[in-house]
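Written out below as structure tokens is the structure these notes cover.
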Amino acid sequence: MVNFLKYKVIYFLISLTVIGIGLFSIFKWGYYYSIDFVGGTNLEYQAKKNISQEKVKKILIKEKIDFKYVSINQKTISIKTKPLDEKKIDQLKKILEKDLDSSLTLIKSETVGPTLSAENLKKTVIACFLAILGILVYMSFAFKSFNYALAAFLAMIHDLLVILGSYSLFSHFFRAEVDTLFITAVLTTMSFSVHDTIVIFDKIREYLQEEGQKDIEYFANKALTETMVRSINNSMTIIFMLLALVFLGGSTIRFFALTLLIGTITGTYSSPFVATPILVWLEKRKNKN
Amino acid sequence: MRHFKIILLILISLLIIWIDLPENLRVNFKVLNQKIDFIINPLKIDGEIFGLKIKKEFKTHLGLDLKGGSHLVFEADTTKIKKEDLEDALNSARDIIEKRVNFFGVSEPQIQTLKSQGKYRISVDLPGITDVSSAIKLIGQTAQLSFKEETPAKDQKEATQTPIFLRLTKDTELTGKHIKKAQLTFDNQTGKPQVALIFTDEGGKLFAKITERNVGKPVAIYLDQFLLSAPVVQQKIEGGNAVITGNFTVDEAKKLAIAINSGALPLPIKLVEQKNIGPTLGASEVRKSLYAGVIGLFLVILFMVLYYGKLGAIASLALLIYGALSLAIFRAIPVVLTLPGLAGFILSIGMAVDSNILIFERMKEELRKGKSFEVAFNLGFGRAIDAIKDANITTLTVAFILFNPLNWEFLPQFGMVRGFALTLGIGVATSLFTGVVITKRLIKFFYKLR
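Just so you know, the sequences run in chain order A and B.
Per our numbering, the first sequence starts with residue 1, numbered consecutively.
Per our numbering, the second sequence starts with residue 1001, numbered consecutively.
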């Protein structure tokens, strides 16, 4: 049996560092939001020859188009602007073709109006709260004990903070956007986090029932030793799948897969190294009183 | 009984394989001087059973983001509609839009009305359509046809000095409702395209009256606020026909005829969202994701076999069955596969072996205690079930809320998130079955347990 709980200060410091960096990034840089939530137009063109970013920006300024972002990747031009109507989009393409002297193929054009995006944001927030509520209700049923549910909940919040923080870094450095897919990844991570914790807690409870209320720390260590292989193996299979998606999947879901990947790692980490130490601490405090 | 079970199992497996067959795959080879050349297609049911017509094609339905196409959302202006007429007006608007969309020859258009926080919207999905601006123009047209005549002027001087379109302001009783059919024709003399109108009986009578009282004067034909033409009436026209001339191209005249034929939208609509994805982008993303899925699957199988040996191989077999079964379910429902949906499915493959790992670790634990394989097998399955059940309920709960099955308006109704939730949910449920039931049978079979 390995005494995992001996190193709880180290686990705490690791979590503190990761979450600290993330929170710093959130407050310093924040996020870029997708047009689903703030409204706007995304355009993507395929050009026949190489185009300079400066030139595209100049044209947009000349046309008085309020753009937020222009990027060129090989011969693909991506432009992000305030909402444009159909006519303006048609016009813009003609002007770009003329001024850049290259025929362009419109490969993507998305517009979301401001009222719709505000509504999307509201609905997404409601969905998140409902999902969290669902998880909480389920947890209180599954654990039947407040301390178990609280420990699992705190581990879930830990994972949430890790994801939110690291996504803010992606947002700042790679312009990843907060979109509906990101929200989906966050919710999936939260459910996965609880899923993993349940397996360990089940084991701890089983030992306590079999051998009576002895030393919780001893049983927690025993449970961790028993479940560690399964936790790591289970996460490995998910991580294989997600790594394949991150490196080989298309660009549209790259950040989505990456978020899920980080979620899986932190979800796996938090169950033995965050939830369990907290549970042991809570139970010991309860027994002292 | 035992034989019966085996035969049933084989039949079910064959059915699943049949459903999963690739679409339009041409097989062409030579064997023993016999040329073999045929096209493989998945199961298709088209027939009658007990007087019930059944038609079902088992093929993969790809979402707009994978197939390419346009997603449009229009918001209806309901301010001028009475509350009790609202439902009817929206449904008829939906039907009219459907008629207009059919003109584009879209294979599977999806037109839905959505109610959200007091706002009414109509979403239109046009797979494969990339000429989105002309689609928006045609769909969004109110297409309210009206005929206007000259307002009686007080004195002659004023009448001749005002421009013609300012004089033609008096509405007549004749509107688009009185038109039976509009069609593209060509002028006999000039060969220019024009739109011929055929009135209903009532419309014909009204038109005759209008032309009778306006001989020598112009009568204007308006579509929405736009003047189409204002011909001067030569004589009273009976027989219920009229033509709209103007500087139309053939295409414009055709679209005008469609707009008139489909009828006027009962309420004005405004475009609030449009997403247009080119077909090449989608196709390359599908290829990449499938490639990623196959590599990932291979890694998972490799890992399972290396770590768990024979048991791992059995779990991998169950995993393959899981893949085939999920695909069959996707095709049977049918689930519209979007890119996030594909990601959800790929993720669920990773999660599917979880129940096997739980069971195997449990079995190893029992084996370490010195129990026989058979006892460890039974205990492993018995004890792991609780943890498996508990652990998967949270995932299913989240998938349920994200999928929003009752279409509650306070929850997101976007296709992307729903696609992910649906495939993840189906994936987890199916994996519970294959990971527990199928694996158990397979172990019994391969280890010759009773």
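No residue lacks a Cβ here, since even glycine has one placed at the ideal position from N, Cα and C.
The C-beta distance from Ala-1283 (chain B) to Gln-1194 (chain B) rounds to 42 Å, too long to meet the 8 Å contact threshold. Residue state for Asp-1088 (chain B) is assigned as helix, using DSSP reduced to three classes. In this structure, Gly-1069 (chain B) sits near Asp-1125 (chain B), with a CB-CB distance shorter than 8 Å.
Proximity to Glu-226 (chain A) across A:Ala-127, A:Tyr-207, A:Ile-239, A:Met-236 peaks at A:Tyr-207, based on C-alpha coordinates. Distances from the alpha-carbon of Ile-232 (chain A) to those of A:Thr-259, A:Val-194, A:Pro-272 put A:Pro-272 closest.
Secondary structure note for Arg-1121 (chain B): its beta strand (DSSP E) is the uninterrupted segment 1119-1127. Rounded to the nearest angstrom, the gap between the Cα atoms of Ala-1292 (chain B) and Ile-126 (chain A) is 33 Å. Look at Thr-17 (chain A): its C-beta is not under 8 Å from any C-beta on chain B.
In chain B, no part has a C-beta under 8 Å from the C-beta of Lys-222 (chain A); the shortest such distance is about 11 Å. Per DSSP, the beta bridge partners of Asp-1037 (chain B) are B:Asn-1028. Annotation note: the segment 144-220 of chain A contains the following uninterrupted alpha helix (DSSP H) runs of length 4 or greater, listed N- to C-terminal: 146-174, 180-211. Contact with chain B is absent for Met-1 (chain A), since none of that chain's Cβ atoms lies less than 8 Å from the residue's Cβ. For Asn-234 (chain A), the chain B residues whose C-beta falls within less than 7 Å of its own C-beta are Asp-1354, Ile-1357, listed in chain order. Closer than 8 Å to the CB of Arg-205 (chain A) there is not a single CB belonging to chain B. The residue from B:Ser-1013, B:Ile-1006, B:Phe-1004 with its alpha-carbon nearest to that of Leu-1325 (chain B) is B:Ser-1013. Among the residues of chain A, those whose CB is under 7 Å from the CB of Met-1351 (chain B) are Ile-238, following chain order.
Only Leu-1339, Pro-1340, Leu-1342, Ala-1343, Gly-1344, Ile-1346 from the segment 1328-1346 of chain B bring a Cβ to less than 9 Å from some Cβ of chain A.
The segment 1381-1390 of chain B makes no contact with the segment 1304-1323 of chain B; the number of CB pairs closer than 8 Å stays below 3. Lys-1099 (chain B) sits close to Ser-1262 (chain B), with the two beta carbons spaced by under 8 Å. Not one beta carbon of chain A lies nearer than 8 Å to the beta carbon of Phe-1403 (chain B).
For the pair Thr-1185 (chain B) and Ile-253 (chain A), the Cα-to-Cα distance works out to about 50 Å.
For Leu-1271 (chain B), the chain A residues whose Cβ falls inside 9 Å of its Cβ are Asp-85, Glu-86, Thr-111, Gly-113, in order along the chain. Among the residues facing chain B, His-195 (chain A) is included, as its CB has a counterpart in that chain under 8 Å away.
For Asn-1276 (chain B), the neighbours in chain A by C-beta distance under 8 Å run, in chain order, Leu-106, Lys-108, Ser-109, Glu-110.
In this structure Tyr-167 (chain A) is buried. Its beta-carbon is surrounded by 16 or more other beta-carbon atoms within 10 angstroms. Using a Cβ distance threshold of 8 Å, Gly-1240 (chain B) and Ile-1198 (chain B) count as a contacting pair. DSSP, reduced to helix, strand and coil, places Gly-1425 (chain B) within a helical segment of the structure shown.
Not a single unbroken stretch of the beta strand (DSSP E) spanning 3 or more residues falls wholly within the segment 1194-1218 of chain B.
Taking a cut-off of 8 Å for Cβ pairs, the segment 233-252 of chain A and the segment 1345-1359 of chain B touch, as three or more such pairs fall below it. Asn-1356 (chain B) places its beta carbon 8 Å or farther from that of Ala-1391 (chain B).
Inter-segment contact for the segment 104-116 of chain A and the segment 74-90 of chain A is present: three or more beta-carbon pairs are separated by less than 8 Å. Within the model, the alpha-carbon separation for Ser-193 (chain A) versus Ile-1081 (chain B) is close to 50 Å.
Residue environment for Glu-1361 (chain B): buried (at least 16 other C-beta atoms within 10 angstroms of its C-beta). Glu-63 (chain A) sits in coil when the DSSP states are folded into three classes, being neither helix nor strand. Taking C-beta separations shorter than 6 Å and ignoring five residues to either side along the sequence, the partners of Val-1250 (chain B) in its chain run Pro-1193, following chain order. Annotation for Leu-154 (chain A): Val-274, Ala-275, Ile-278 place their beta carbon closer than 8 Å to its own, counting only its chain and skipping 5 residues before and after.
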